[in-house]
Amino acid sequence: MLSVIIPTEGAEHPVVATLAPLVPGAATGVIREVLLVDRADNGVIERVADVAGCRFLRFDGSCSAALAAGAGQARSPWLMFLHAGAVLDHGWIDETVQFIQRISESDHPRAGVFRYARSPYSDRTWREDVRSIWRLIAGPFADQGLLIARDHYERLGGHAPNVRHAEAQLLRRLGRSSLTLLRSRIVIT
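Each residue of the sequence shown is one higher than the one before, starting from 27 at the first, in the numbering used here.
Right, dumping it as structure tokens:
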């Protein structure tokens, strides 16, 4: 049902933190595959993928091109893009299944983003406060994840490779009217 694409930079700990809440989704059959698209050439993420049962895709290029390559390799009709270090809240599975069913039965294509939550272990800074206010004004950021049907993603042109801020541009192309803010939180570490 769902392919999860996670771009990585060769660091193990953020990837493992993101993978942990995905395990129940794989066990229940919601997640068909997880693709780790690594732009570093140190072998760390390849070993993580091997141990975790994920598909590994080594990629040279920009982050946007890596996301597009991951989407191109995905085999499911629904795509979920997550940043390494983003941790989904425990209720994400049921809500994701309900969202996919509701949108699949509808004539109006929509995409979902998760509700932003700051890590309770991070220090509160004025920059984080400004970013929180900006999220309210500008709408969701790319670090909140994206859940989208493959055909809708392709109709929108996906992540434009070699374009700066391709994730933000994709969210703008979607527009607030076709984005659903899911109740499940995503903690950005």
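All residues carry an ideal CB built from backbone N, CA and C; glycine is no exception. Predicted model only: the values in this text are computed from it and were never measured.
- Its chain contains Val139, Tyr142, Leu197, Leu205 and Leu207 as the residues whose beta carbon lies nearer than 8 Å to that of Pro166, once the 5 sequence neighbours on both sides are disregarded; these appear in chain order.
- For Val49, the enclosing alpha helix (DSSP H) begins and ends at Val49 to Ala53.
- Sixteen is the threshold: since fewer than 16 other Cβ atoms of the shown chains lie within 10 Å of the Cβ of His39, the residue is exposed.
- Taking C-beta separations shorter than 7 Å and ignoring five residues to either side along the sequence, the partners of Leu108 in its chain run Val30, Ile32, Thr44 and Gly171, following chain order.
- His116 and Asn188 have their C-alpha atoms some 34 Å from each other.
- In this structure Ser132 is exposed. Its beta-carbon is surrounded by fewer than 16 other beta-carbon atoms within 10 angstroms.
- In this structure, the straight-line span from the alpha carbon of Ala110 to that of His134 is close to 30 Å.
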